[in-house]
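**Student:** One structure coming up, written as structure tokens, with questions to follow.
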Amino acid sequence: MKLKVFLAGLIIATCSLTNVANAHLIAFGWDDLDNGTIEMYGQHWHGDQSSAFSDNGGVRIGLWDNALSASNQNTASWQLFQWTSFINNMGGNTAQNDALVSAGTLDGYAIDAGSWNNSSSDNDWFKTNPLVLGNGSWGLFTGTACCVDTMTTPIQITLMGISSVQSGTGPGSVSVPEPSTLAIFALGMIGLASRRFKKQS
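The sequence shown stops at residue 214 when you use the numbering used here, and every number in between is there.
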């Protein structure tokens, strides 16, 4: 009898650990770069990082469908943004993250209530390249694949404090002109300058 009770307790404990292990990403933050773009941050409790892991390819951002539950959101249609860098030992619990906002390091953050530990040791972040995203309500999800940037389900968060991007804009990648486009633009500018020079002569 004692063995059965012990085994049942062990199974419950293992299931609990599995649930926690599937939710390493506990919050999202954002920073307005004041140039029409922002950077997205993902806070996790996995410990200090040496690279920007993207076990799930990065973070997906899209419009939340209010007719669907969290687990049934069409996250495959949301735009994917890769984690490209990391910051260790920044923020952590609510008070420390609030201090990041007060200091202007972040313009805001939103926790994943199902995963949030409110611990000062949960102070490591992944970061994206600049992207276009305005204030508003958005769905965010990284995925359930192991190991570092995992979430259990998508979450809906409200972005605030972004002034350089019009509210409701995005999500979108920053378009970088092709080298050939830049070359054509440069030649056009040279031609325009030479025409002006000739007229003045």
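Backbone N, C-alpha and C fix where the C-beta goes; we use that ideal spot for every residue, glycine too.
Report the three-state DSSP secondary structure of alanine 40 (helix, strand or coil).
**Tutor:** Locating residue 40 in the sequence shown gives position 27, where the first residue counts as 1. Strand.
**Student:** Among the candidates Ser176, Glu52 and Ser150, whose CA atom is the shortest distance from the CA of asparagine 79?
**Tutor:** Translated into positions along the sequence shown, residue 79 becomes position 66. Of the listed residues, the one whose Cα sits closest to asparagine 79 is Ser150.
**Student:** Using 7 Å as the threshold, is the C-beta distance between tryptophan 43 and isoleucine 100 below it?
**Tutor:** To locate residue 43, count along the sequence shown from 1; it is residue 30. To locate residue 100, count along the sequence shown from 1; it is residue 87. Contact: no.
**Student:** Residue range of the alpha helix (DSSP H) that alanine 112 falls in?
**Tutor:** Your numbering for residue 112 matches position 99 in the sequence shown. Counting along the chain, the alpha helix (DSSP H) containing alanine 112 begins and ends at 107-116.
**Student:** Does the beta-carbon of glutamate 191 have 16 or more other beta-carbons within 10 angstroms, so that it is buried, or is it exposed?
**Tutor:** Here residue 191 is taken as the residue at index 178 of the sequence shown, counted from 1. Unreliable placement is indicated for glutamate 191, whose pLDDT of 46 sits below 50; the coordinate value is still reported in the next sentence. So glutamate 191 ends up on the exposed side.
**Student:** According to DSSP, simplified to helix, strand and coil, what is glycine 75?
**Tutor:** Against the sequence shown, residue 75 aligns to sequence position 62. Strand, per DSSP.
**Student:** Which term fits threonine 88, buried or exposed, when burial requires 16 or more other beta carbons within 10 angstroms of its beta carbon?
**Tutor:** Indexing the sequence shown from 1 puts residue 88 at position 75. Classification of threonine 88: buried, given that the 10 Å Cβ count is 16 or more.
**Student:** Alpha carbon to alpha carbon, how far is serine 177 from leucine 153?
**Tutor:** On the sequence shown, residue 177 is found 164 positions in, with the first residue counted as 1. On the sequence shown, residue 153 is found 140 positions in, with the first residue counted as 1. One C-alpha to the other measures close to 21 Å.
**Student:** Would leucine 113 pass as a contact of glycine 104 if the rule is Cβ separation under 7 Å?
**Tutor:** Indexing the sequence shown from 1 puts residue 113 at position 100. Indexing the sequence shown from 1 puts residue 104 at position 91. Yes, these two residues count as a Cβ contact at 7 Å.
**Student:** Could you compute how far the alpha carbon of valine 184 sits from the alpha carbon of glycine 75?
**Tutor:** Taking the sequence shown and counting its residues from 1, one reaches residue 184 at position 171. Taking the sequence shown and counting its residues from 1, one reaches residue 75 at position 62. A small fix is needed here, since residue 184 is proline in this sequence, not valine. Distance between the alpha carbons of proline 184 and glycine 75: 7 Å.
**Student:** Out of Gln95, Pro143, Asn69 and Tyr122, which one is the CA nearest neighbour of glycine 47?
**Tutor:** Counted from its first residue, the sequence shown places residue 47 at position 34. Here residue 47 turns out to be aspartate, not glycine, going by the sequence shown. Aspartate 47 has its Cα closest to that of Pro143, out of Gln95, Pro143, Asn69 and Tyr122.
**Student:** Work out the CA separation of serine 186 and glutamine 179 for me, nearest whole Å.
**Tutor:** In the sequence shown, residue 179 corresponds to position 166, counting from 1. In the sequence shown, residue 186 corresponds to position 173, counting from 1. Between glutamine 179 and serine 186, the C-alpha separation is close to 15 Å.
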